[in-house]
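Engineer:
Residue numbers (my numbering): 120 to 315.
1) DSSP three-state call for residue 296: helix, strand or coil?
2) If you check the beta carbons only, do residue 208 and residue 142 fall under 8 angstroms apart?
3) Grouping DSSP H, G and I as helix and E and B as strand, with all else coil, what is residue 143?
4) Looking only at its own chain, which residues have a Cβ that is under 7 angstroms from the Cβ of residue 125, when we skip the five neighbours before and after it?
5) Quick check: what's the CA-CA separation for residue 269 versus residue 239?
6) Let me check understanding here. Comparing Cα to Cα, which of 165, 218, 229 lies closest to residue 180?
7) Can you tell me which of 243, 201, 198, 150 puts its alpha carbon nearest to the alpha carbon of residue 304?
8) Would the segment 258 to 265 and the segment 277 to 296 be scored as touching if the rule is three or more Cβ pairs under 8 angstroms?
9) Expressed to the nearest angstrom, what Euclidean distance is found between the alpha-carbon atoms of residue 190 and residue 224?
10) Could you tell me whether the segment 187 to 201 touches the segment 158 to 170, where touching means 3 or more Cβ pairs closer than 8 angstroms?
11) Check residue 196 in the structure and name its three-state DSSP category.
12) Anyone know if the C-beta pair for residue 241 and residue 306 falls short of 8 angstroms?
13) So, with DSSP's three-state summary, where would you put residue 135?
14) Using the C-alpha atoms, what's the distance from residue 245 back to residue 299?
15) Is any heavy atom of the ligand NAP found at a distance shorter than 7 angstroms from the C-beta of residue 192?
16) Starting from residue 310 and walking both ways along the alpha helix (DSSP H), at which residues does that stretch end?
17) Given this structure, state the Cα-to-Cα distance separating residue 215 from residue 252, to the nearest angstrom.
18) Once the 5 residues before and after residue 210 are set aside, which same chain residues still bring their CB inside 8 angstroms of it?
19) Let's see if you can read the secondary structure: which residues bound the alpha helix (DSSP H) around residue 182?
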């Protein structure tokens, strides 16, 4: 992994557009590792916020607030859907509709016990990361959402390979391979990875 702040060849992070990069709040950040550290501190703060919340994880406003809590001390656009094209995810104009449809589907799965609790949580998490609603942080956001939904359904949070999935490593490669299998409607590998 390059330590250039906005390295284009870093497959662990979605490349940001110039106006999105300009929305970085802490002025001291000049290296990727500093950005990762600042985001991790912000996520830890969001976890404290979550402990006092009673919001519904299957609610669009709550999801956007969660992203803002996770990244709002680092990025001005935190909690706002992206408005620019990406090489991953749906077209920007479809994000709101797709997120609402994903929520509706997950609610149906829960109400009708369509899948096991783990599979419901993983399918919803995968759907969010596939939509890629935010300029960045989608993987970390969608994994936390998966954890929260699993807990809501009476299960333990996932372990996600027990490794840092932000930095490129063998565990991240296994995660990406499991995501690609889920893209083809095979969720077994992603469920197994999430519980590994």
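Note that the Cβ used here is the ideal one computed from N, Cα and C, for glycine as well.
Structural biologist: Put simply:
1) Residue 296: helix per DSSP, three-state reduction.
2) A distance of 8 angstroms or more separates the beta carbons of residue 208 and residue 142.
3) In the structure shown, the three-state DSSP call for residue 143 is strand.
4) Excluding residues within five positions, the ones whose Cβ falls inside 7 angstroms are 135, 140.
5) Residue 269 and residue 239 have their alpha carbons spaced roughly 8 angstroms apart.
6) Checking every option, the nearest Cα to that of residue 180 belongs to 218.
7) Among 243, 201, 198, 150, the Cα nearest to that of residue 304 is on 243.
8) A contact exists between the segment 258 to 265 and the segment 277 to 296.
9) Looking at the two C-alpha atoms, the distance is approximately 26 angstroms.
10) They touch, by the three-pair rule.
11) Secondary structure of residue 196 (DSSP, three-state): coil.
12) For residue 241 and residue 306, yes; Cβs fall inside 8 angstroms.
13) Three-state result, residue 135: coil.
14) C-alpha separation (whole angstroms): 10 angstroms.
15) With respect to the ligand NAP, the structure shown offers nothing to examine, as it has no ligands at all.
16) Run containing residue 310: 307 to 313, per the alpha helix (DSSP H) assignment.
17) Using only the alpha carbons, I get a separation of about 8 angstroms.
18) Hits under 8 angstroms: 204.
19) Residue 182 -> alpha helix (DSSP H) spans 179 to 190.
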